[in-house]
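**Student:** Numbering (my numbering), first residue to last: 26 to 576.
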Ligand code: GLU
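(1) Just curious, the alpha helix (DSSP H) that residue 348 is in, first and last residue?
(2) What are the boundary residues of the alpha helix (DSSP H) that residue 286 is part of?
(3) At a threshold of 8 Å, does residue 303 count as lining the ligand GLU (C-beta to nearest heavy atom)?
(4) Quick check: is any heavy atom of the ligand GLU less than 8 Å from the C-beta of residue 10?
(5) Identify the continuous beta strand (DSSP E) that holds residue 22 and give its terminal residues.
(6) Among 263, 319, 317 and 311, whose alpha-carbon lies nearest the alpha-carbon of residue 301?
(7) If I measure Cβ to Cβ from residue 396 and keep anything under 6 Å in the same chain, skipping five residues before and after, which residues do I get?
(8) Below 9 Å between beta carbons: does that hold for residue 166 and residue 197?
(9) For residue 482 versus residue 510, is the C-beta spacing smaller than 9 Å?
(10) Who are the near neighbours of residue 520 in its chain, counting only those whose CB is closer than 6 Å to its CB and skipping five residues on each side?
(11) For the alpha helix (DSSP H) containing residue 88, name the first residue and the last one.
(12) With residue 218 as the anchor, note down where its beta strand (DSSP E) starts and where it stops.
(13) Is the beta carbon of residue 65 within less than 8 Å of some heavy atom of the ligand GLU?
(14) The beta strand (DSSP E) with residue 301 in it runs from where to where?
(15) For residue 551, which three-state DSSP category applies?
(16) Check whether the segment 374 to 387 and the segment 149 to 168 are in contact - that is, three or more C-beta pairs closer than 8 Å.
(17) In the structure shown, what three-state DSSP assignment does residue 175 receive?
(18) Within this structure, are the beta carbons of residue 75 and residue 110 separated by less than 9 Å?
(19) Indicate, with yes or no, if the ligand GLU has a heavy atom lying under 8 Å from the CB of residue 231.
(20) Tell me whether residue 510 sits in a helix, a strand or coil according to DSSP, three-state version.
(21) Tell me whether residue 403 counts as near the ligand GLU, meaning its Cβ is closer than 8 Å to at least one heavy atom of that ligand.
(22) Give me the DSSP bridge partner(s) of residue 246.
(23) Per the DSSP calculation, residue 315 is bridged to which residue(s)?
(24) Is residue 99 near the ligand GLU, judged by its Cβ being under 8 Å from some heavy atom?
(25) Would you check if the distance between the CB atom of residue 272 and the CB atom of residue 101 is smaller than 9 Å?
(26) Name the DSSP beta bridge partners of residue 260, please?
(27) Does any heavy atom of the ligand GLU sit closer than 8 Å to the C-beta of residue 317?
(28) Contact check, residue 269 vs residue 95 under 8 Å by CB: the rounded distance?
(29) Distance, Cα to Cα, residue 575 vs residue 544?
(30) When the Cβ atoms of the segment 320 to 327 are set against those of the segment 434 to 445, are three or more pairs found closer than 8 Å?
(31) For residue 86, count neighbouring C-beta atoms within 10 Å of its own C-beta (all shown protein chains included) and say buried if the count is 16 or more, exposed if not.
(32) Given residue 107, which residues of its chain have a CB within under 7 Å of its CB, disregarding the five upstream and five downstream residues?
(33) The ligand GLU and residue 278: does the residue's C-beta get closer than 8 Å to at least one heavy atom of that ligand?
(34) Compute the minimum distance between the beta carbon of residue 263 and the heavy atoms of the ligand GLU, and state whether it is under 8 Å.
(35) Hey, residue 98 and residue 276 are a contact pair by Cβ (cut 8 Å); roughly how many whole angstroms apart?
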């Protein structure tokens with residue numbers, strides 16, 4: 026009589042003993058309490074913000090514990106792979122400064138001692154572990170054809186019973202070793218299934234790092250572990266890889282939480298300790314009063330490439346992701362305005378249990394604050410880098426570096442820096458009026474404020490230039506002169522006086538400066554007018570005012 030060993034040798038004659046791999050990949054030499062995490066994407070599409078959310082958490086948790094964060098590519102579904110999928114993942118992570126300590130560094134190369142880090146190159150390893158399960162009677166070949174499986178499904182549906190391959194439905198589970206070997210010799214196609222010993226009527230208790238204590242019925246499904254192409258399914262590869270690569274914490278989306286009973290069942294059959302699990306809440310978007318999953322099909326901000334294209338700094342995205350990940354982040358940031366995000370002590374246990382709202386408006390708001398702290402030089406460099414890829418017009422402006430640094434330096438580097446730039450794609454719109462070559466080239470639409478009488482406006486700009494403007498004035502003097510001009514024209518010198526007796530004057534000093542501001546820039550809202558005048562300089566101002574006078 027043949028035994029399971031014969032079957033195991035029949036199916037995987039060349040597979041090594043699993044001990045070989047266990048010795049090859051010893052325990053990591055890490056201090057107690059250090060965390061080993063992994064980001065394990067499939068190269069089947071462009072990266073979703075939810076993936077980046079997970080990877081950011083993996084990276085943060087591992088790094089702050091002095092542990093290891095590695096990148097494993099789960100490419101066992103080769104039909105769904107996209108072109109250059111691995112490089113795209115690596116590049117997307119790099120764009121957000123999520124740099125793995127180990128794992129794939131290009132589509133063919135990797136670093137680290139626990140590789141290969143690409144599942145399609147680990148076939149031998151999975152087969153060794155599958156062989157060990159067959160030899161123990163905990164896995165078996167299943168010869169069910171497509172038709173047989175369809176028939177089973179229809180019967181289950183009609184009878185309204187739980188779907189799947191389990192218990193009485195697990196037809197080939199009962200095949201004798203002899204019969205199985207005969208079928209293999211006959212050339213019949215098969216997959217390898219796990220032989221579950223679970224009982225659906227019993228419960229397992231599990232502690233999820235985020236979700237807390239959860240209870241599920243035990244797994245009793247004989248799931249496929251090795252497909253007919255010899256590659257493993259996600260579930261089996263997960264168990265083998267996270268065991269051999271010594272992952273201590275699996276952070277993954279909550280769509281996987283229902284797989285917990287199965288995964289624990291697999292670890293038990295393999296007789297190894299499972300990692301801890303942290304299932305993160307799905308990112309949601311508010312849409313017409315309801316909340317729904319953020320989707321690549323409907324929401325541009327769902328694709329990670331969006332942030333790069335728009336020129337939203339990686340730092341702002343990371344900061345926002347940590348903000349939704351840990352509710353105490355906001356308070357920390359308030360108390361540590363200038364600290365690097367690396368200093369924030371992330372606590373995975375404090376992550377929300379239910380859907381996390383992703384709000385691009387809030388993200389852009391954070392981005393404005395992040396950018397407001399950058400120096401003019403940094404804004405110059407980063408927006409130029411962005412513009413070189415996405416905006417030729419901006420490159421032209423920035424070619425004049427010296428002047429651009431002055432423009433970008435307006436209201437910057439002080440206690441209350443300007444906050445009008447949320448992304449590099451905002452830069453052109455916010456600075457172009459400062460460049461004569463653009464200002465005079467483009468069609469201009471002047472929208473004056475309270476004072477909008479043409480003759481009055483001409484009079485104001487003329488008088489200002491002739492009598493009140495001096496490029497050497499400091500800010501105080503400049504402002505006093507603005508008030509002198511206001512008074513000389515019969516308007517209120519001080520805003521507060523105007524407010525007390527509004528019927529007494531037609532307008533106040535603020536309205537006068539609006540006239541000058543619009544005449545110089547076409548806009549009512551700009552950064553500080555004194556600084557704008559300083560950067561524009563007398564010649565440009567004269568030209569801009571003359572244009573108004575000639576209208
Ligand atoms: N390859 C799986 C995915 O892309 C990974 C899930 C996990 O992290 O275990 O969803």
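C-beta atoms are modelled at their ideal positions from N, C-alpha and C, and glycine is treated no differently.
**Tutor:** Taking the coordinates as given:
(1) It spans 339 to 350 - the alpha helix (DSSP H) in which residue 348 sits, taken as one unbroken run.
(2) Unbroken alpha helix (DSSP H) run through residue 286: 285 to 294.
(3) Not a single heavy atom of the ligand GLU lies less than 8 Å from the C-beta of residue 303.
(4) Residue 10 lies beyond the stretch modelled for the chain, which goes from 26 to 576, so this question has no answer here.
(5) With the chain covering 26 to 576 only, the question about residue 22 has no answer from this structure.
(6) It is 263 whose Cα lies nearest to the Cα of residue 301.
(7) Hits under 6 Å: 446.
(8) Yes.
(9) The answer is no: Cβ separation not under 9 Å.
(10) Within the same chain, residue 520 has close Cβ partners 533 and 535.
(11) From DSSP, the alpha helix (DSSP H) with residue 88 extends over 74 to 89.
(12) First-last of the beta strand (DSSP E) with residue 218: 216 to 219.
(13) The beta carbon of residue 65 sits closer than 8 Å to at least one heavy atom of the ligand GLU.
(14) Judged by DSSP secondary structure, residue 301 falls within the beta strand (DSSP E) whose first and last residues are 301 to 305.
(15) In this structure, residue 551 counts as coil in the three-state DSSP scheme.
(16) Verdict: no, contact absent.
(17) In the three-state reduction of the DSSP assignment, residue 175 falls in the helix class.
(18) In terms of Cβ geometry, residue 75 and residue 110 do not form a close pair [threshold 9 Å].
(19) In this structure, residue 231 has its CB at a distance of at least 8 Å from all heavy atoms of the ligand GLU.
(20) Reduced to three states, the DSSP call for residue 510 is helix.
(21) Remark: the shortest separation between the CB of residue 403 and any heavy atom of the ligand GLU does not fall under 8 Å.
(22) Partner(s): 191.
(23) Residue pairing of residue 315 in beta bridges, as defined by DSSP: 312.
(24) Because some heavy atom of the ligand GLU lies under 8 Å away, the Cβ of residue 99 counts as near it: yes.
(25) No, these two residues do not count as a Cβ contact at 9 Å.
(26) When DSSP reads this structure, residue 260 sits in no beta bridge, so it has no partner.
(27) Here the distance from the Cβ of residue 317 to the nearest heavy atom of the ligand GLU is not below 8 Å.
(28) Beta-carbon to beta-carbon, residue 269 and residue 95 are separated by about 12 Å, too far to satisfy the 8 Å threshold.
(29) Rounded to whole angstroms, residue 575 to residue 544 spans 12 Å at the Cα level.
(30) Segments in contact, no.
(31) Here residue 86 is buried: its Cβ has 16 or more other Cβ atoms, across all protein chains shown, within 10 Å.
(32) Closer than 7 Å at Cβ, skipping near neighbours: 68, 69 and 70.
(33) Yes, the ligand GLU has a heavy atom inside 8 Å of this Cβ.
(34) Yes, the ligand GLU has a heavy atom inside 8 Å of this Cβ.
(35) Contact flag wrong, Cβ pair sits at about 17 Å.
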